[in-house]
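Sequence lines, in order, name chains A and B. Here the working numbering is used: the first residue of the first sequence is 1, the next is one more, and so on. Here the working numbering is used: the first residue of the second sequence is 1, the next is one more, and so on. From the three backbone atoms N, C-alpha and C, an ideal C-beta is built for every residue, glycine too.
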Amino acid sequence: MTRTVPMRQWLLGGLLLSLVCISSARAEDHGPSPQELLRRMDAAFVNLSYDGVFSYFSGEDLASLRVVHKVIDGIRRERLVHLNGAPREIVRHGDKVSCIVMPGDDLLAVEKSIPAGPFARAFVRQFDRINDSYMVDNSGEGRVAGRLARRIAVSPKDSHRYGYRLWLDRENSLLLRSELVDHNGEKLEIFMFNQVRFGDDVQPAALETMQVEGSMVSHLTLKSVPLNALSPQAGEPPAGQWRTRWLPPGFAMASDDRRHKPASGEHVTSLMYSDGLAAFSLFIEPMPRRGAARMVSQNGATVAMTHAVESAKGYYLVTLVGEIPLDTAQAIIETVYLKEI
Amino acid sequence: MDDEADAFELRRVLDEAKVDEALREQWHRLHMVRDVLRDEAASYHPELRDRVWAALNTPDEGDAETAELVLAEASGKAGGARSPWLGRITGAAVAATVAAVVVFTGGSFDDAGEAPALVDNTPADLTPVMHQQVQPEDLQRVDGLMLHHFQNQAINSPGVQSFVKLATFRNAPVLPPARPQAGPTPPPAAEGDSPAP
Numbered sequence: 001m002t003r004t005v006p007m008r009q010w011l012l013g014g015l016l017l018s019l020v021c022i023s024s025a026r027a028e029d030h031g032p033s034p035q036e037l038l039r040r041m042d043a044a045f046v047n048l049s050y051d052g053v054f055s056y057f058s059g060e061d062l063a064s065l066r067v068v069h070k071v072i073d074g075i076r077r078e079r080l081v082h083l084n085g086a087p088r089e090i091v092r093h094g095d096k097v098s099c100i101v102m103p104g105d106d107l108l109a110v111e112k113s114i115p116a117g118p119f120a121r122a123f124v125r126q127f128d129r130i131n132d133s134y135m136v137d138n139s140g141e142g143r144v145a146g147r148l149a150r151r152i153a154v155s156p157k158d159s160h161r162y163g164y165r166l167w168l169d170r171e172n173s174l175l176l177r178s179e180l181v182d183h184n185g186e187k188l189e190i191f192m193f194n195q196v197r198f199g200d201d202v203q204p205a206a207l208e209t210m211q212v213e214g215s216m217v218s219h220l221t222l223k224s225v226p227l228n229a230l231s232p233q234a235g236e237p238p239a240g241q242w243r244t245r246w247l248p249p250g251f252a253m254a255s256d257d258r259r260h261k262p263a264s265g266e267h268v269t270s271l272m273y274s275d276g277l278a279a280f281s282l283f284i285e286p287m288p289r290r291g292a293a294r295m296v297s298q299n300g301a302t303v304a305m306t307h308a309v310e311s312a313k314g315y316y317l318v319t320l321v322g323e324i325p326l327d328t329a330q331a332i333i334e335t336v337y338l339k340e341i
Numbered sequence: 001m002d003d004e005a006d007a008f009e010l011r012r013v014l015d016e017a018k019v020d021e022a023l024r025e026q027w028h029r030l031h032m033v034r035d036v037l038r039d040e041a042a043s044y045h046p047e048l049r050d051r052v053w054a055a056l057n058t059p060d061e062g063d064a065e066t067a068e069l070v071l072a073e074a075s076g077k078a079g080g081a082r083s084p085w086l087g088r089i090t091g092a093a094v095a096a097t098v099a100a101v102v103v104f105t106g107g108s109f110d111d112a113g114e115a116p117a118l119v120d121n122t123p124a125d126l127t128p129v130m131h132q133q134v135q136p137e138d139l140q141r142v143d144g145l146m147l148h149h150f151q152n153q154a155i156n157s158p159g160v161q162s163f164v165k166l167a168t169f170r171n172a173p174v175l176p177p178a179r180p181q182a183g184p185t186p187p188p189a190a191e192g193d194s195p196a197p
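Right under this line is the structure:
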């Protein structure tokens, strides 16, 4: 015996089905949430093959660079080439990074003066934390390097950090353009692809470095070791004793390291803090015998400033470097102190 | 004026301008021209240089801060946001390095007492500004620590942007002159030949 469905139930079912379809269509229209897009953006950096030329503006400098990225046999390969000025390349092979420069490059001289050794794994970028400090919103669509892009606005909730405007490729979520802006909307840094290609169009040969006679190589290595692995030497206060009495909300320590300057042999404590997006480092060293002026410098979004701290163990020079507003940097550095134990 | 001078050069020019009337006038004219070109002539104060110089050379901590106030006052922003004057004038001190702005700040260090290391190693002729004078060692140290920060950030980030700061760090805009190429020497120019433009 067949039971017929009343017309009223048919209509109700049809209405519900229509509502579900409309709702799904609207969700599809809106696309993924901005937080999800940020996660896809990071994944795109790691997983996609891309080869492009982009412009980078910071402060008063404008540069053109080429980037090639490809995963070969499960290992990330990346090559970044500065297209202006002195030949300079940065090549990443897994967790190892090499800088290839010409003799006489200022980078070599500067690098000799900085603490040597591998870098500890620091959790600087953590998108799951940024909701405490930023509002993340979709802000429409745009077009960059001839490709359609989704726009995301990352707006700070207070004045202790900068904001970001991001353009993500609509197809694969690669970051095509970003702007770092201050509270007045002034652009401090701009990164923008001029042209880019993906997938099989990226040839492995494009990862080969330049073969310039006389070029020199310096290496950076990322180490996956516990923080505070370096034991303090006799007479040196351990890194963990350095503290700040104040930090902007949302910032937490991302790495804590101690090493020696290759030239002087003096120890430097470096503490890196992050709010999930922005980061700054504090470097603490015994007061140098020469050159200890209090200074503040700013280029684009990067601020650097020094401050002297007097403790029972002597005078120390604290240097803050980071992508945070000047006033915030000043407020932080003035609260650095050596915790007595 | 074009933000290409370093701290010592700026100070030397200021020093010479104090005794050299012609240089002082030239300084004045060049800045007027620059300001007119930038449509900022109204903000120029001829006495500003002397006041800044006096403030920079004053060992008193409060007067060091006065340097900032003088500059801020010149732009009508005393007590407010950073002065555009401050950015340009003080920026000249380190324009050759990565920094675009340098200001000299007051702090608790001198308030807490003298630092023998600083005093003992400061050249005698710079004694009045020993705590405010940026030395080459300062610039080198800050450059190195900036590089360290960029490296640490870059190597822990998935994207190319962080490495961009490393790749562009103090990259010289001008290449050194190319070495002479081996090969036949070009014949000397004949009389009457005009030089290449």
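A residue is called buried when at least 16 other Cβ atoms come within 10 angstroms of its Cβ; G52(A) meets this threshold and is buried. For I90(A), the neighbours in chain B by C-beta distance under 8 angstroms run, in chain order, F163, L166, A167. Pairing R294(A) with P248(A), the inter-Cα distance amounts to about 23 angstroms. Against chain B, the CB of L80(A) has a partner CB under 7 angstroms away; the residue lies at that interface. Listed along chain B, no residue sits closer than 7 angstroms to Y337(A) by beta-carbon distance, the nearest being about 11 angstroms off.
Cβ neighbours of T269(A) within its own chain (closer than 6 angstroms, five residues either side excluded): A239, W242, R258, I284.
In this structure, A254(A) sits near M272(A), with a CB-CB distance shorter than 7 angstroms. As a beta-bridge residue in DSSP terms, R258(A) pairs with T269(A).
The count of Cβ pairs closer than 8 angstroms, one atom from the segment 173-180 of chain A and one from the segment 127-135 of chain A, stays below three, leaving the stretches out of contact. Distance from the Cα of E171(A) is smallest, within the candidate group E189(A), V202(A), S159(A), R151(A), for R151(A). When only Cα atoms are considered, E189(A) and L62(A) end up about 10 angstroms apart. For H148(B) and L65(A), the gap between their C-alpha atoms comes out near 21 angstroms. Interface annotation, S311(A): not in contact with chain B, CB-CB separation never under 7 angstroms. For D201(A), the three-state secondary structure derived from DSSP is helix. Cβ contact annotation for P156(A) (same chain, cutoff 7 angstroms, sequence separation greater than five): S133, Y134, Y162, G163, in chain order. In the DSSP annotation of this structure, the continuous segment of the beta strand (DSSP E) that includes V303(A) starts and ends at 302-311.
M210(A) is classed as exposed because its beta carbon has fewer than 16 other beta carbons within 10 Å across all chains shown.
For a Cβ distance threshold of 7 angstroms, residue set F169, R170 of chain B lies close to L107(A), ordered along the chain.
At the C-beta level, A292(A) and L326(A) stay beyond 7 angstroms of one another.
According to DSSP, M192(A) shares a beta bridge with S55(A), R177(A).
The C-beta of F45(A) comes closer than 7 angstroms to at least one C-beta of chain B.
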